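Right, one structure below, let's go through it.
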Amino acid sequence: MSEAREFKVVGTRVIRPDGVDKVTGRANFGADFALPGMLCGKVLRSPYAHARIKSIDTKQAAAIEGVYAILTGADFPKVGHEEITGGEGGGDFADLATNVMARGKVVYHGHAVAAVAATSAAIADAALAAIKVDYEVLKPVMDLDAAMADGATLINERMFTEGLPEKPTRPSNVAAFMQFKRGDITKGFAEADVVVEGTYCTPTVHQGYIEPHACVASINQGGQATIWCCTQGHFDVRSMTAKVLGMDVADIRVIPSEIGGGFGGKTTVYLEPLAMLLSKKSGRPVKMTMTRDEVFRASGPGSATKSVIKIGAKKDGTITAMSAWLAYEAGAYKGSPMAPGAMCVFAPYNVPNFLIDGFDVLVNKAKVAAYRAPGAPQSMYACESLLDDLARKLEMDPIDLRLKNAVSEGCQASYGPKFNAIGFKECLEAAKAHPNYKVKLGPNEGRGVAAGFWFNAGMQSSAEVHINENGTVTVIEGNPDIGGSRASMALMAAEELGVPYDKVRVLVADTESAGYTNTTGGSRVTFATGMAVIQAARDIIAQCKQRAAATWGIEVDMVDWQDGQVIPKPGVNADVKPLTLAAIAANAGRTGGPLLGRASLNARGAGPGFAVNIADVRVDPETGKVDVLRFTAIQDAGKAIHPSYVEGQMQGGAVQGLGWALNEEYVYDANGVLQNAGFLDYRMPVASDMPMIDTQIIEVANPTHPYGVRGVGEVPIVAPLAAAANAVRAAIGVRIHDLPLSPPRVLAAIEAANG
Amino acid sequence: MAKVFFPDHLTQYTAGVRELEVHAESFRDLVAQLEVRYPGISQALLGKVAVAIDGDIIHDPFLDPVRADSEVYFLHRIDGG
Amino acid sequence: MSKLQIDTQINGERMEFLCEPQQSMLDVLRDTLRLTGTKEGCATGDCGACSVLLDGRLVCSCLMFAAESAGRQITTIEGIARGDVLHPIQQKFLEHAALQCGICTPGFVVATKALLDENPDPSETEIRYHLAGNLCRCTGYDKIVRAVQDAAKTLRGEAS
Numbered sequence: 020m021s022e023a024r025e026f027k028v029v030g031t032r033v034i035r036p037d038g039v040d041k042v043t044g045r046a047n048f049g050a051d052f053a054l055p056g057m058l059c060g061k062v063l064r065s066p067y068a069h070a071r072i073k074s075i076d077t078k079q080a081a082a083i084e085g086v087y088a089i090l091t092g093a094d095f096p097k098v099g100h101e102e103i104t105g106g107e108g109g110g111d112f113a114d115l116a117t118n119v120m121a122r123g124k125v126v127y128h129g130h131a132v133a134a135v136a137a138t139s140a141a142i143a144d145a146a147l148a149a150i151k152v153d154y155e156v157l158k159p160v161m162d163l164d165a166a167m168a169d170g171a172t173l174i175n176e177r178m179f180t181e182g183l184p185e186k187p188t189r190p191s192n193v194a195a196f197m198q199f200k201r202g203d204i205t206k207g208f209a210e211a212d213v214v215v216e217g218t219y220c221t222p223t224v225h226q227g228y229i230e231p232h233a234c235v236a237s238i239n240q241g242g243q244a245t246i247w248c249c250t251q252g253h254f255d256v257r258s259m260t261a262k263v264l265g266m267d268v269a270d271i272r273v274i275p276s277e278i279g280g281g282f283g284g285k286t287t288v289y290l291e292p293l294a295m296l297l298s299k300k301s302g303r304p305v306k307m308t309m310t311r312d313e314v315f316r317a318s319g320p321g322s323a324t325k326s327v328i329k330i331g332a333k334k335d336g337t338i339t340a341m342s343a344w345l346a347y348e349a350g351a352y353k354g355s356p357m358a359p360g361a362m363c364v365f366a367p368y369n370v371p372n373f374l375i376d377g378f379d380v381l382v383n384k385a386k387v388a389a390y391r392a393p394g395a396p397q398s399m400y401a402c403e404s405l406l407d408d409l410a411r412k413l414e415m416d417p418i419d420l421r422l423k424n425a426v427s428e429g430c431q432a433s434y435g436p437k438f439n440a441i442g443f444k445e446c447l448e449a450a451k452a453h454p455n456y457k458v459k460l461g462p463n464e465g466r467g468v469a470a471g472f473w474f475n476a477g478m479q480s481s482a483e484v485h486i487n488e489n490g491t492v493t494v495i496e497g498n499p500d501i502g503g504s505r506a507s508m509a510l511m512a513a514e515e516l517g518v519p520y521d522k523v524r525v526l527v528a529d530t531e532s533a534g535y536t537n538t539t540g541g542s543r544v545t546f547a548t549g550m551a552v553i554q555a556a557r558d559i560i561a562q563c564k565q566r567a568a569a570t571w572g573i574e575v576d577m578v579d580w581q582d583g584q585v586i587p588k589p590g591v592n593a594d595v596k597p598l599t600l601a602a603i604a605a606n607a608g609r610t611g612g613p614l615l616g617r618a619s620l621n622a623r624g625a626g627p628g629f630a631v632n633i634a635d636v637r638v639d640p641e642t643g644k645v646d647v648l649r650f651t652a653i654q655d656a657g658k659a660i661h662p663s664y665v666e667g668q669m670q671g672g673a674v675q676g677l678g679w680a681l682n683e684e685y686v687y688d689a690n691g692v693l694q695n696a697g698f699l700d701y702r703m704p705v706a707s708d709m710p711m712i713d714t715q716i717i718e719v720a721n722p723t724h725p726y727g728v729r730g731v732g733e734v735p736i737v738a739p740l741a742a743a744a745n746a747v748r749a750a751i752g753v754r755i756h757d758l759p760l761s762p763p764r765v766l767a768a769i770e771a772a773n774g
Numbered sequence: 007m008a009k010v011f012f013p014d015h016l017t018q019y020t021a022g023v024r025e026l027e028v029h030a031e032s033f034r035d036l037v038a039q040l041e042v043r044y045p046g047i048s049q050a051l052l053g054k055v056a057v058a059i060d061g062d063i064i065h066d067p068f069l070d071p072v073r074a075d076s077e078v079y080f081l082h083r084i085d086g087g
Numbered sequence: 082m083s084k085l086q087i088d089t090q091i092n093g094e095r096m097e098f099l100c101e102p103q104q105s106m107l108d109v110l111r112d113t114l115r116l117t118g119t120k121e122g123c124a125t126g127d128c129g130a131c132s133v134l135l136d137g138r139l140v141c142s143c144l145m146f147a148a149e150s151a152g153r154q155i156t157t158i159e160g161i162a163r164g165d166v167l168h169p170i171q172q173k174f175l176e177h178a179a180l181q182c183g184i185c186t187p188g189f190v191v192a193t194k195a196l197l198d199e200n201p202d203p204s205e206t207e208i209r210y211h212l213a214g215n216l217c218r219c220t221g222y223d224k225i226v227r228a229v230q231d232a233a234k235t236l237r238g239e240a241s
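Residue numbers (the numbering used here), protein chains in the order written: chain V, 20 to 774; chain Y, 7 to 87; chain A, 82 to 241.
This is how it looks when you write it as structure tokens:
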């Protein structure tokens, strides 16, 4: 249970413990690692979006001096169909294995067909060029309409849509169908005074992490292997690599480097199984890195989508019915985030009648990976845009419309359970009261409001707390530090143990040193791993009380822990001085041995997060360029352990969302080849594109975390898409439904409106 | 009696029933009872779904306690990114 | 093709290395000289993670041949701190939480040094345009700009 309390160190803006190494270039990221005798591994990738592999001839390549190993799909064991537990969309290990190295068929441009390990990059390139692959080119299926059409070319002839009321007799590119309903939407729409409807499309986008995928794998002749890699989850790298290669997880040690961004895109494997098998074949360590081009073409982007939304409401703004038809591109293998997208789309609102139909659809694009609140930005972009049009039609303030229908504690979520304490209304009220909401706008300027939501995850975490002989503290945990989590773990341990922050060290340990811990993602680390760290610290406290009581010759229930020391309870007759953590640690050997606290848990009750964003834009009517003048992000964090890093998540997510809204999109040619596989033409926001991002942290404590923490990492990317689109609508007077709102599209909309 | 709610994709196992009252002490116990009533449903539940018990979402539930007045919702598993 | 022998100065220290004519400065810094603080984000000059100073001028080391460093002075992230004291730019980045994952940080610190060496009192707009060649995906740039403003103040001798 969370305790309303005054915190001593939690909530302060300390310097992160890994910060000095990161500002001096000392911190080691994925590509910074090297081993003696290391070979360079490279991947041969499919030049076609859809083709059968008729043959692969590697003889010439193998003969090149300096080439030590070559792999094709034939070198990999067959992996049976087994659901990947965790992961949004029902991913399958067989698909993961085939994605890592094609078997018999290539299903996207850039799909791995072969891999080589050689003594230099130049020799590896020469080897790739010498591999002869004979393809039978097939017609690529490149968008939802084409994929879902009757008679569409099939990407997987054995794919039968799951989840339909009647089992289908014919295969399809639709991997799964899901429906959520409540009440009776026909009745609901009939009761409405106003009904609005819209169709919205969002493009394929990339998480855009600045660090490309990189790893070194080394396996010895006894089958013991080590992988150094940048990843959000090294335990998943271990299990996935083991699955793909038929190895025992006990034989693989994964050492996570620092990670240069992930946003969900580094929760799977691409290079690691290749590097491992190349290392096995060659008997040498193998390093593999992706070029930026490969990252865009062959890692997992975020789903393109099409959403059809309908909302019915009374004149006073009360929603009577909502419906959604949501189609998500999964890429070449099933597993888009259609389900969470469908569960989030109406989540902020009390909707008495709704119907949501969701489709997970195959296309000949790279298999999608998670991208920050997977599924939610796309579906909520559509709903929040339509709500804006509804507000306009009802002549209602868009915040008031949302307040009228907002969920709060005790309300039933659209995805099922009743909400415990949540902060949506508080965010809405804060937005309404915010000075930015009142700033006067000029010509060609517009303001847009939108709401965002994400469940946030719990899942498994382990933590150890070691007390050093001088009373300083080491926390051992297993979450790669993607955004300042070491600082938060140290703050929570320091708070619990009553020691200064600078007496705590945090180690992100590898798979053989940390207890099993789920990925850094899902907005779960401060919540679940934080909970484990707090519990491990409390384990230390219990041991300290025992040691002190024994030292004093009294019962352990006669002592208390207060402000970092053990004291006799009031009324207990013991003429003793309080024992600090340091004093107990100094004597630990005499009182039972080293002080070691531990905790492992499957955290339940992750608190859902809500946000409200206000975007102000100016549109240049001659060029269609959208400038963001002002952006306000308001979000319920439960309890901000380190406010600067909470603000950082809000600001970073806002700018990522604005990029998605205004400029980012994958552009393919007719053959399914990505045209803009680089940062020049996949245009992410730069510093000169953005204003300061104003933030306001709301704190409605999450009752299941000892300090009230709610995850904050993913919610921030959800609302900016519609906030920007609604602002553009206000600025130019016409609604553009499809993202991104890039200058050519905005200009076309302006010109069409002007006739 | 705990109230158990089935999302649409699980109603194929319950012949369309969306809401049920069950007496159970834990999630495992609950699944065992549902299996008796709807044979085959356990393989769609154990290791496959998340559950919300009184509003708290649990990933991969098993021994988690269910109270006499609990509300239980089965959910698609969500990890995040 | 035989290798070139290049004589240069990196972070004030004379260094000699062998390289292929077509090798980039970035590759030589990282792979030959093991100065891995400079990062590769794209190798096409679009992200700025590989930023170094060439005779004080901000360049993308991925767009420079290693051979071009002959007889010139290179400053990398490893040369920004003075001994065991952080440069004020580095200190302010820490204080303002101007980094989350940290991969872009070496590039930003070097680019900021180039900016403030040339313009000790830049406006917010000038800061944003000067740093437009450095991509950050985590922070949204807000705290980076604030750190740069604060570092500029410190370097001008004003209390922050």
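Every residue gets a Cβ at the ideal spot worked out from N, C-alpha and C, and that includes glycine.
From a predicted model like this one, the values you see are computed outputs, not experimental measurements.
Complete runs of the beta strand (DSSP E) confined to the segment 616 to 693 of chain V [at least 3 residues]
628 to 638, 645 to 655
Between the segment 521 to 531 of chain V and the segment 558 to 575 of chain V, do three or more beta carbon pairs fall short of 8 angstroms?
no
Give me whichever residues DSSP pairs with V:C220 in a beta bridge.
According to DSSP, residue pairing for V:C220 in a beta bridge involves V:K325.
How is V:K300 classed by DSSP in three states: helix, strand or coil?
helix
Find the nearest neighbour of V:A121 within the set V:F26, V:S65, V:A194, V:V638, judged by alpha-carbon distance.
Nearest C-alpha to V:A121: V:S65.
If we cut at 8 angstroms on Cβ distances, does A:S142 have a partner in chain V?
no
Assuming V:V636 and V:A746 make a contact with CB atoms under 8 angstroms, what is their CB distance in whole Å?
4 angstroms
Give me the chain A residues within the contact set of V:Y390, using Cβ-Cβ distance strictly less than 9 angstroms, ordered along the chain.
Residues of chain A passing the Cβ test: none, with the nearest at roughly 12 angstroms.
Should A:G93 be flagged as near chain V, meaning a C-beta pair shorter than 8 angstroms?
no
In chain order, what residues of the segment 149 to 176 of chain A put their CB closer than 9 angstroms to some CB of chain V?
T157, I158, E159, I161, A162, L167, H168, I170, Q171, Q172, F174, L175, E176
Other residues of its chain near V:V665: CB distance less than 7 angstroms, five sequence neighbours each side excluded:
Excluding positions up to five away in sequence, the list reads A656, A659, I716, V731.
On the DSSP letters alone, give me the boundaries of the alpha helix (DSSP H) that V:F472 sits inside.
Premise fails: V:F472 lies in the beta strand (DSSP E), 464 to 473, not in any alpha helix (DSSP H).
Listed from N- to C-terminal order along the chain, which residues in the segment 186 to 201 of chain A have their beta-carbon within a distance smaller than 7 angstroms of any beta-carbon of chain V?
T186, P187, V190
Collapsed DSSP secondary structure at A:Q86 in the structure displayed
If DSSP states are grouped into helix, strand and coil, A:Q86 belongs with the strands.
Return the residue from the list V:A148, V:V426, V:W344, V:A561 that minimises the CA-CA distance to V:K437.
V:V426
From V:D500, V:K78, V:V595, residue whose alpha carbon lies closest to that of V:V86
Check the Cα spacing between V:V86 and each of V:D500, V:K78, V:V595: the tightest is with V:K78.
Would you say V:T286 faces chain A, with C-beta separation under 8 angstroms as the test?
no
In the DSSP assignment, what residue or residues form a beta bridge with V:Q226?
Looking at the DSSP assignment, V:Q226 forms no beta bridge with any residue, so it has no partner.
Using only alpha-carbon positions, find the residue among A:K84, A:R237, A:D127, A:G93 that is nearest to A:R163.
A:G93
Between which residues of its own chain and V:S139 is the CB-CB distance below 8 angstroms, once the five residues before and five after are set aside?
C59, G85
Along the chain, where does the alpha helix (DSSP H) containing A:D112 start, and where does it finish?
Premise fails: A:D112 is in no alpha helix (DSSP H) and is neither H nor E.
Return the first residue and the last residue of the alpha helix (DSSP H) that V:G350 is part of.
DSSP places V:G350 outside any alpha helix (DSSP H); the residue lies instead in the beta strand (DSSP E), whose first and last residues are 338 to 350.
Output the residue ranges of the beta strand (DSSP E) runs that lie fully inside the segment 29 to 77 of chain V and measure 3 residues or longer, sorted by chain position.
58 to 64, 70 to 76
Per DSSP, the bridge partner or partners of V:K306
Partner(s): V:C59, V:V235.
Which full runs of the alpha helix (DSSP H) of 4+ residues lie inside the segment 123 to 187 of chain A, going along the chain?
169 to 176
Rounded C-alpha distance that separates V:H724 from V:G549:
When only Cα atoms are considered, V:H724 and V:G549 end up about 9 angstroms apart.
Tell me, which residues are paired with V:W580 by DSSP?
V:V585
Looking only at its chain, what residues have a beta carbon closer than 7 angstroms to the beta carbon of V:R623, apart from the 5 residues adjacent to it on each side?
G477, T723
I'd like to confirm the pairing. Which residues does DSSP put opposite Y:F11 in its beta bridges?
Y:E25, Y:Y79
Residue-chain proximity (V:P735, chain Y), Cβ-Cβ < 8 angstroms
Taking CB atoms only, V:P735 has no neighbour in chain Y less than 8 angstroms away.
Using a C-beta cutoff of 8 angstroms, does Y:Y79 count as contacting chain V?
yes
On the criterion of 16 or more Cβ atoms from any shown chain inside 10 Å, does A:A132 qualify as buried, or is it exposed?
It is Ser, not Ala, that sits at residue 132 of chain A in the sequence shown. Label assigned to A:S132: buried.
Check the DSSP bridge columns for V:F378 and list the partner residues they point to.
V:F196, V:A346
Assuming V:V737 contacts V:M399 (C-beta within less than 8 angstroms), just tell me the rounded distance between them.
5 angstroms
For a contact defined as C-beta to C-beta under 8 angstroms, what are the partners of V:S542 on chain Y?
Chain Y residues near V:S542: G86.
Check the Cβ of A:A288 against every Cβ in chain V and list those closer than 7 angstroms, keeping chain order.
As displayed, chain A neither begins before 82 nor continues past 241, which places residue 288 of chain A out of reach and without an answer.
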